[in-house]
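Working notes, beginning with the structure itself.
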Amino acid sequence: MTDIAGIRTFIDRFVQPDMRGALLPLLHALQEEFGHIPSQAVPAIAETLNLSRAEVHGVISFYPDFRTEPPARHVIKLCRAESCQSRGGAAIEGELARHLGVAMGHARKDGQVALEPVYCLGLCAIGPNALVDGRPVARIDEAQVEAIAREVEA
Ligand code: FES
Numbered sequence: 001m002t003d004i005a006g007i008r009t010f011i012d013r014f015v016q017p018d019m020r021g022a023l024l025p026l027l028h029a030l031q032e033e034f035g036h037i038p039s040q041a042v043p044a045i046a047e048t049l050n051l052s053r054a055e056v057h058g059v060i061s062f063y064p065d066f067r068t069e070p071p072a073r074h075v076i077k078l079c080r081a082e083s084c085q086s087r088g089g090a091a092i093e094g095e096l097a098r099h100l101g102v103a104m105g106h107a108r109k110d111g112q113v114a115l116e117p118v119y120c121l122g123l124c125a126i127g128p129n130a131l132v133d134g135r136p137v138a139r140i141d142e143a144q145v146e147a148i149a150r151e152v153e154a
């Protein structure tokens with residue numbers, strides 16, 4: 001749980017008077033400082049920037065790179081773009097979710113691993129592809145799903 005007083009102090013220090021277009025820079029700065037954008041930050045952001053909570057939440061949920069949960073120790077970014085989907089990406093997503101015990105777009109409750117979508121890694125001809133802690137893995141099949149699962153559980 002992130003301390004709301006610390007979040008409030010951070011926001012107050014970051015946002016300068018007459019600062020225009022502060023929402024995105026503030027969200028990036030909060031995520032860098034706290035590892036994610038905690039839900040309890042939304043009312044403070046909205047109040048400080050004179051926005052509605054819905055506006056702030058809408059921006060956070062629009063950009064996939066903003067996290068609302070603490071980062072997991074391991075992050076698997078699975079490509080969900082067209083070429084990887086046509087090469088069996090949906091089945092691989094299901095296998096990864098089953099082996100890891102986490103749904104796409106979420107971190108597992110123990111914080112060990114997160115499964116996140118990404119939209120094209122530039123390796124379209126050799127999909128389905130993913131990044132495992134930033135390392136590209138191509139032509140993912142069931143054996144590789146099992147290897148990835150073992151790797152992130154170690
Ligand atoms: S569509 Fe997956 S890498 Fe391009």
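Numbering (my numbering), first residue to last: 1 to 154.
We put the beta carbon where it would ideally sit given N, CA and C, even for glycine.
All figures in this text were calculated on a predicted structure; none of them were measured in a lab.
Could you tell me the distance, in whole angstroms, from the CA atom of residue i to the CA atom of residue j?
i, j, result
"M19", "L26", "11 Å"
"I11", "C124", "41 Å"
"T48", "V15", "8 Å"
"P17", "R53", "20 Å"
"R139", "S61", "30 Å"
"I7", "V102", "28 Å"
"G94", "E142", "10 Å"
Hey, out of the options, whose CA is closest to residue i's CA?
i, options, result
"E69", "H106, G21, G122 and I4", "H106"
"C120", "Q40, Q112, R87 and K109", "R87"
"E55", "F66, V42 and R67", "V42"
"N50", "L23, R108, R8 and G101", "L23"
"Q112", "I76, P38, F34 and I140", "I76"
"P117", "A5, I92 and F34", "I92"
"K109", "I4, H74, L78 and R135", "H74"
Below 8 Å, is the gap between the Cβ of residue i and the nearest heavy atom of ligand 1?
i, result
"L123", "yes"
"A81", "yes"
"G199", "Only positions 1 to 154 of the chain appear in the structure, and residue 199 is not among them; the question remains open."
"P128", "yes"
Just confirm the distance between the C-beta atoms of residue i and residue j, as a whole number of angstroms; I'd bet it's less than 8 Å.
i, j, result
"L96", "L115", "6 Å"
"H36", "P71", "6 Å"
"Q144", "V137", "6 Å"
In this structure, what does DSSP give as the bridge partners for residue i?
i, result
"P117", "L78"
"H106", "L115"
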